[in-house]
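Notes follow once the structure below has been shown.
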Amino acid sequence: MTNKQLTVLSNKKLNNCTYELILEGNDLLHESGSFMEIEIENCFLKRPFSIADSSENTITLLYKVVGVGTKALTTAKTGDTFNCLVNLGKGFLLGVIKKPLLIGGGIGAAPLYQLAKEFVAKKIPVEIILGFRNKEEIYYLEEFSKLGKVSVATDDGSFGYHGNTLGLLKDSNYDFDCYYACGPSPMLMALQNYSANGQLSLEARMGCGFGVCMGCSIKTTNGYKRVCKEGPVFDAKEVLW
Amino acid sequence: MVNKQVTLFDSVLKNPVIAASGTFGFGYEMAEFFDINCLGSISLKGSTLNARYGNPLPRIAECSDGLINAIGLQNPGIDAVISTQLPKLSKVYKDKIILNIGGHSVEEYLLAVEKCNDLDNILGIELNISCPNVQGGGLAFGTKESTVEALTTAIKKVSNQKIIVKLSPNVTDICALAKAAENGGADAISLINTLIGMRIDIKTGKPIISVKKGGYSGRGIFPVALRMVYDVFEAVKIPIIGMGGISSADEVIEMLMAGASAVMVGTATLKDPFACKNIIEELDKVIKDLNITSLSTIIGRAHK
């Protein structure tokens, strides 16, 4: 958890609702699945974003325009600076997993990108399922395809499998020892019901983002845990909705 | 070196800035950001006799100048606070702290407060009788004069710590409640807790907060809080800890001039974890610019 002034390197529109923002600074390597917060003008609270990719000097965020904060962020230009809190939360555990399956729903695919890169760096093959509402909302397909075998599901059938990520998972013969999922809560709940061998990255309306306000606590089999502090990634076996 | 000291009871605080309950966890979490020893004191997360999970999510709704929360007093219970949280805090914070205690019944308050009798290094116990987010408790104790006086009297009988009664602004006459606390033997009063508010998601037409309403805090409430501290200063003789929307050193000075002996900074920390530290550092310049020799000389100055 540290405070940093980061500079916009690029802010690119990927499709009708998704943007890629690259921020520059020092000491920015994050664990996959962790998150950061950006202070946005005229917004009282900082906005949390999962880390799509990070290196020593850059952070890549993939964000969807959902409210005033993300809308304002679309106007950020190269050279603009933002006050940020970086290295927040706990990310995915790679452990001894040999057959990872990454499942992203909508903007939830974002944190799976760095995770896929980390598995590839360990020479572990990755299988990826990406779910979107329709063809227009697909992003980063090429980038993910460079890292592993990608299957896409769309709710309206306009691209790939017609249906949701769970439907695709059930209709295919995936052989995985752990799935890593990020997406809307109904998707995560459905996955958890299907298999407990996974890690879920949760989303919540946060107050602080660093564990002091208890605004984002969830019930788990091990008592209450904060999405912003003990999470956002939780073992699928422990999350109680 | 600018003198920022204030006195509360028989304790000298190195400066008047106290981290407010519910916005600073149990303190030690914040030590990752800065050396929290710069703080005048810390009021810990509201604790109850037994562990509480609190309300369902969402518990937070943003506003243009603050936020609404409905945490619902999530805490591990007073025994766990004493056995596991306080030792962690004492490693990173050396000065006296404030324990914030809530409850559902007089018995619950008394049992929780009694457990704090043997603790050292406690500035006081802040009685949360003003939490708007707990069904059938919290605020229910804080809106009737007779209840406030009776509860304070009962707690003073079983406690050997200083008792600070935290008042709700969600009342018609906050001075009457302040007097009731004073009559019950309170050593100090802290005010204000959050104002009851709500936000509605215009896409769904439903309240954002799971339990519909919550407590509004943040810089938007500062003028309301200042007015209430000003009024209560004229109503009681015991010291006042002023809070509500403070986010700058100037506002600390205003709060002291309205009659507060010390202040609490809360929601500003949720917006910026360094808020307390920055305010304390800014205070040096403000004190110099205003030629203030001692902060004690400006307490209540607005009444003269």
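Line order of the protein sequences matches chains A and B.
The opening residue of the first sequence carries number 0 in numbering that gives the first Met the number 0; numbering runs sequentially from there.
The opening residue of the second sequence carries number 0 in numbering that gives the first Met the number 0; numbering runs sequentially from there.
The beta carbon of each residue, even a glycine, is placed where N, CA and C say it ideally should be.
Taking only beta-carbon atoms, is residue i less than 7 angstroms away from chain B?
i, result
"S216/A", "yes"
"C212/A", "yes"
"G206/A", "yes"
"L44/A", "yes"
"M186/A", "no"
"A203/A", "yes"
"M0/A", "yes"
"F34/A", "no"
"Y223/A", "yes"
"F209/A", "yes"
Answer with buried or exposed for residue i, where buried requires no fewer than 16 other C-beta atoms within 10 angstroms of its C-beta.
i, result
"G197/A", "buried"
"I124/B", "buried"
"L150/B", "buried"
"C37/B", "exposed"
"L176/B", "buried"
"V157/B", "exposed"
"Q4/A", "exposed"
"V125/A", "buried"
"H29/A", "buried"
"G66/A", "exposed"
"S216/A", "buried"
"K276/B", "buried"
"V11/B", "exposed"
"I201/B", "exposed"
In terms of residues, what are the limits of the alpha helix (DSSP H) holding residue i?
i, result
"E141/A", "140-144"
"N127/B", "Run containing N127/B: none in the alpha helix (DSSP H); it sits in the beta strand (DSSP E), 121-127."
"F8/B", "Unbroken run through F8/B: none, as it is neither H nor E."
"R226/B", "221-234"
"I195/B", "Here I195/B belongs to no alpha helix (DSSP H); instead the beta strand (DSSP E) covers 194-196."
"M256/B", "248-257"
Residue i lies in the beta strand (DSSP E); which residues open and close that run?
i, result
"G241/B", "239-242"
"F209/A", "Here F209/A belongs to no beta strand (DSSP E), and DSSP marks it neither H nor E."
"F48/A", "46-49"
"K224/A", "222-225"
"C83/A", "80-87"
"A109/A", "A109/A -> not in any beta strand (DSSP E); alpha helix (DSSP H) instead, spanning 109-120."
"T57/A", "57-63"
"D234/A", "232-234"
"L190/B", "187-190"
"S247/A", "Because chain A spans 0 through 240 in this model, residue 247/A falls outside it and cannot be assessed."
Counting only beta-carbon atoms, is residue i nearer than 7 angstroms to chain A?
i, result
"Y305/B", "Absent from the model: residue 305/B. The displayed extent of chain B is 0 to 303, so no value can be given."
"I279/B", "no"
"P206/B", "no"
"R58/B", "yes"
"I298/B", "no"
"Y27/B", "no"
"L48/B", "no"
"F33/B", "no"
"F8/B", "no"
"L269/B", "yes"
"P272/B", "yes"
"G70/B", "A small fix is needed here, since residue 70/B is Ile in this sequence, not Gly. Closer than 7 angstroms to some Cβ of chain A, the Cβ of I70/B qualifies, so yes."
"Q73/B", "yes"
"F23/B", "yes"
"Y215/B", "no"
On the premise that residue j lies in contact with residue i, defined as a C-beta separation below 8 angstroms, what is that separation, rounded to the nearest angstrom?
i, j, result
"P47/A", "M205/A", "6 angstroms"
"I278/B", "I239/B", "Not confirmed; about 18 angstroms, so no contact."
"I102/A", "A180/A", "4 angstroms"
"G94/A", "G130/A", "Not quite, the Cβ-Cβ distance comes to about 25 angstroms (not below 8 angstroms), so this is no contact."
"M0/A", "F32/B", "6 angstroms"
"Y27/B", "V91/B", "5 angstroms"
"A301/B", "Y229/B", "6 angstroms"
"G39/B", "K13/B", "6 angstroms"
"S42/B", "N99/B", "5 angstroms"
"Y52/B", "K218/A", "6 angstroms"
"M188/A", "N163/A", "12 angstroms between Cβ atoms; not a contact."
Who does residue i pair with in a DSSP beta bridge?
i, result
"I100/B", "S46/B, L126/B"
"A60/B", "I67/B"
"A180/A", "I102/A, L199/A"
"K90/B", "In DSSP, K90/B forms no bridge with anything."
"S216/B", "L66/B"
"K12/A", "Y18/A"
"G147/A", "V125/A"
"Q4/A", "N82/A"
"D200/B", "K205/B"
"M263/B", "I17/B, M242/B"
"G130/A", "G104/A, A152/A"
Measuring from the CB of residue i, is there a heavy atom of the ligand MG at a distance below 6 angstroms?
i, result
"L126/B", "Absence of the ligand MG from the depicted structure is noted, as is the absence of any ligand whatsoever, leaving it without description."
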